[in-house]
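Following: one structure in structure tokens, then a few remarks.
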Amino acid sequence: MSNKERTHLDELEAESIYIMREVVAECERPVMLYSIGKDSSVMLHLALKAFYPEKLPFPLLHIDTTWKFHEMIEFRDRMAKEKGFELLVYSNEEGLKQGINPFDHGSAYTDIMKTQALKQALTKYNFTAAFGGGRRDEEKSRAKERIFSFRNAQQAWDPKNQRPEMWKLYNTQINKGESIRVFPLSNWTEKDIWQYIARENIEIVPLYFAKERPVVYRDGNIIMIDDDRMKERLKPDEKIENKMVRFRTLGCYPLTGGIESTANTLAEIVKETLGAVNSERTSRVIDHEAAGSMERRKREGYF
Amino acid sequence: MKGLLKFITCGSVDDGKSTLIGHMLYDAKLLFADQRQALEMESKVGSRDGKIDYSLLLDGLMAEREQGITIDVAYRYFSTERRSFIVADTPGHEEYTRNMAVGASFAELAVILLDVTKGILPQTRRHALICTLMGIRHFVFVVNKMDIIRYDFKKYDKIEREIRKLAIDLNLDNFKIIPVSATEGDNLTIKSDKMSWYTGGTLLNHLETVDVSEAVSDVDFVLPIQRVCRPNQNFRGFQGEIADGKISVGDEVTVLPNHENAVVKSIFVTDEKVSNAEKGQPVTICLDREIDVSRGSVITKDTELKVSGLITASILWMDDENLVAGKNFFFKLGTKKTTATVMRIKYKLNIYTGEQLAASTLSKNELACCDIALADKIVCDNFKRQKELGSFILIDRVTHMTAACGTVKHSLRRSDNIFWQKTDISREIRAKSLGQNPKTIWFTGLSGAGKSTLANAVEKVLNLQGKHTMLLDGDNVRMGLNSNLGFEEQDRIENIRRIAEVSKLMNDAGLIVLTSFISPYRADRERARQIVGTDDFVEIYVNTPLEVCEQRDVKGLYKKARNGKIPNFTGISSPYEEPKNPEITVDTSKSSLEESVEYIINELKKFLI
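If you read the sequences in order, they're chains S and D. Residue 74 is where the first sequence starts when you use the numbering used here, and the numbers rise one by one after that. Residue 101 is where the second sequence starts when you use the numbering used here, and the numbers rise one by one after that.
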């Protein structure tokens, strides 16, 4: 290995591993947020490598809105068993009781079932540092966020008062109640993620590969019919069709647009991504709401 | 050549940095279609008459967009067929020097923008200076707005000469100068046909081909340890990223700071067992024998690394509050964290001229050279020789902000004599011979709260119990040891520091020390606690209400303060910060002197055993 020329993927891998080891060495109660997506899969893979031969020295936390693709949940549970990590699953019970759902409640749904649920879970377990799979190339406000991103006792981010981050010297000092979100994949791009998945043979949820799936076209997005809850909510002019589709990002299925594609191997996906005409966030419905919506949600505590 | 190039762009407010990068991405077809569409749409509602405003691609945060300036560092990612790039786009204004330093610390190359109509500005020099201080070795000076001077060679040539002179001044070895127009696209990705006199390549071409790799040392090996990996009884691996050199199984290594030797038994690069590894790789290393290795240790081979407790360093002060010599911080260098005190500001630097100026304080964005004393001996090196072991940050102990970043110039040897002289008769031996557990009992509270009365009474009881004590109060300290100090901020800090140091020495001598000072600021008391040692410090908060103190007014001071005759009088015209977690609290308005003393003596028992 050491005789080979080091590639930019090796550099990114080393940086992420360094960050993870710093967090575990310095932070009292770390946790890794696990969204089951491809970035989470890469982050998990890096963590397993970083601490080898030790088992993961922190649990994984999944915020379950109960609207995830069922294939994601199956994948999550199988991974926990195979990789032997501790898995915590948290849902906002209050929100569930109130019947908050992505169809009727729009952006309130994201706030209650994701942002609030995440805050509740972090508070419940007293986590002082949480790894997230966010990348700076995803969105403009992320492009300016530090790798170690400080959150006050209300878990809010203050973009104007970020701690200077020099060299590899991360400041993990916090007071009681405060916490840090850590983004070990900050400097990875979507292309890097796919190339690394291919190089390391990382298993990802099959939804990323093209397959014939039942979908409807809604407001310019391709939405998959993942269960009966969607069927009940079809609009009069919507017709379920079987289409060859795949997903570039995974989340709550009613909010995740697929793309028509025949790419069903990693090589094809990488090829499609490199020549992609749309950046990946266009297939996330919430990002269209308003310019700067991501920044606003981050200030409020969204990852 | 490295497959990834990290670079920073810096320039003054209107030099067009964001436009430059935006236009380069646009021309090199490195944007996604939706980004391109959004850019074209946003440009229409912007202020530039519907022409594409390339800077919109980079200016991210809402507040910044509204103000039309770049405040924080924004990172951009793109790759061409030849190379992957990460750009740190940083603010140019002096107010944001620290943000620029963040970007510079991350980068291997700096693109410095100049406006050809303005030439070299004081800022240009400041940007280049900060970049060199943060460790950048490769520079590209981009002379922008060539379209405005109609691509005139003479005007350009004059500025090129100025740049060459600057490069000599700042000792820049590797630099390029490229004339461009960021709005028109000349010499960004395509060679301009309007400047036939320019024989060099385009900016993108240079970025794609410049070699910024640093040679891997053939001899030295440096591995700062991040953590110990201990999955079971039989495995003890030391994890970190190799900062320099190469290592193979069977090599003999020295572990610092303890100078213990061992042989490398096995090496893992991530989860793969290998026989050798080199600079930049994340490794886990197992040694052939059990020696003391923990976070902050450095595994080395054939190095002349210094272990020291006192360093001379360049620092960039970044905190809103000024730095005063004597202030204590958390200190992080490599993977080692300890506490440190800035002993002396040797001089500060005029960042426009490079001139050295005398200074007793530093304000935000100032650069200075300081002596720093560390609580532990650490392994460090000159920054130019070893980046990882030559760079550090200072963290404020109360706010936890990163208050400064710095680079090690050299370590000072005499620290061994000043700070760490080993004597045969130890503190423990002295304490034992006196048959007691030395502590510093720190009384704090308003003037007139009853501190001195209580401290006196408590000392009498302790003496009756056969304890050896010493009482420090304003009378015996201000007259002698601290007679040269006034009541300004630096003096106040220094006053408390000296009292704490004397207390510590007396504790070392075996004595139980009682101190009675208003010490109104939490940060000062926190520093005193650090100096004395957390375990040896007992804070007693004499929590008598202000009204009661003012009524007592034994020395008539409150009256004077109310009449404006004493400025900065605690409780009247200057704040008293209550202790957050004092070991003991008493209120002399609620209980008699005897009751208070009895309570304190009882509470002290558990500390003095």
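Even glycine gets a Cβ: it sits at the ideal position worked out from N, Cα and C. As the structure is a prediction and not an experimental result, all values here were calculated from the model.
- The beta carbons of D/Val-349 and D/Ser-375 sit about 5 angstroms from each other, so the pair counts as a contact at 8 angstroms.
- Taking the beta carbon of D/Gly-535 as reference, no residue of chain S falls within 9 angstroms; the closest one sits roughly 39 angstroms away.
- For D/Asp-351, the closest C-alpha among the options D/Asn-358, D/Ile-277, D/Ser-366 is that of D/Ser-366.
- With 16 or more other Cβ atoms from the protein chains shown falling within 10 Å of its own Cβ, D/Ala-555 counts as buried.
- The three-state secondary structure of S/Cys-100, taken from DSSP, is coil.
- The beta carbon of S/Lys-312 is closer than 8 angstroms to those of Val-289 in its chain, skipping five residues each way along the sequence.
- Contact annotation: D/Glu-378 and D/Lys-346 have beta-carbon atoms nearer than 7 angstroms.
- Secondary structure of S/Met-317 (DSSP, three-state): strand.
- For secondary structure counted as the alpha helix (DSSP H) over 4 or more consecutive residues, the segment 267-324 of chain D holds these complete runs in sequence order: 303-309.
- Relative to the Cα of S/Ser-114, the nearest Cα in the group S/Asp-231, S/Glu-345, S/Thr-322 belongs to S/Thr-322.
- In this structure, D/Trp-542 is the residue among D/Ser-583, D/Ile-666, D/Trp-542 with its C-alpha nearest to the C-alpha of D/Ile-640.
- The segment 435-466 of chain D contains, as complete beta strand (DSSP E) runs of 3+ residues, the segments 436-449 (chain order).
- By the neighbour-count definition (other C-beta atoms within 10 Å, threshold 16), D/Arg-627 is a buried residue.
- Chain D places a beta carbon closer than 7 angstroms to that of S/Asp-210, counting this residue as a contact.
- Counting every other CB atom within 10 Å of its CB across the protein chains shown gives D/Glu-372 a total below 16, marking it as exposed.
- The beta carbons of D/Phe-483 and D/Val-442 sit about 17 angstroms from each other, so the pair does not count as a contact at 8 angstroms.
- Looking at S/Ile-253, S/Pro-132, S/Lys-304, S/Ile-146, the one whose alpha-carbon comes closest to that of S/Gln-227 is S/Ile-253.
- If you ignore the 5 residues before and after D/Ala-549, its C-beta comes within less than 6 angstroms of the C-beta of Val-642, Thr-644, Cys-649, all in its own chain and listed in chain order.
- Judged by pairs of C-beta atoms under 8 angstroms, the segment 578-593 of chain D does not touch the segment 406-419 of chain D, as fewer than three such pairs exist.
- At a cut-off of 7 angstroms, the C-beta of D/Asp-420 has no neighbouring C-beta in chain S.
- Distance from the CA atom of D/Asn-422 to the CA atom of D/Leu-120, rounded to whole angstroms, is 36 angstroms.
- Residues of chain D whose Cβ lies closer than 9 angstroms to the Cβ of S/Leu-280 do not exist; the shortest such Cβ separation is about 21 angstroms.
- The Cβ neighbour count for D/Asn-663, taken over all protein chains shown within 10 Å, is under 16; the residue is labelled exposed.
- Around S/Gln-246, the beta-carbon contacts reaching into chain D at under 7 angstroms are Phe-430, Ile-495, His-500.
- Interface with chain S (7 angstroms Cβ-Cβ cutoff): D/Leu-423 is excluded.
- Residue environment: D/Leu-704 is assigned as buried (16 or more neighbouring CB atoms within 10 Å of its CB, all protein chains considered).
- Each residue's CA atom was taken as its position, placing D/Ile-493 and S/Ala-87 some 22 angstroms apart.
- By the C-beta density criterion, D/Leu-564 is exposed, having fewer than 16 other C-beta atoms within 10 angstroms.
- In this structure, the CA atom of D/Leu-611 is about 26 angstroms from the CA atom of D/Ser-547.
- Within the DSSP bridge table, the entry for D/Asn-361 names D/Thr-354 as partners.
- Within the segment 385-417 of chain D, the residues whose Cβ lies closer than 7 angstroms to any Cβ of chain S are, in chain order, Arg-395.
- Under the three-state reduction of DSSP output, S/Phe-148 falls in the helix class.
- Close to S/Val-289, with beta-carbon spacing below 7 angstroms, lies no residue of chain D; the smallest spacing is near 22 angstroms.
- With at least 16 other beta carbons inside 10 angstroms of its own, D/Val-202 counts as buried.
- S/Arg-321 is outside the set of residues whose beta carbon lies under 7 angstroms from a beta carbon in chain D.
- In the structure shown, D/Glu-341 adopts extended strand secondary structure according to DSSP, grouped into three states.
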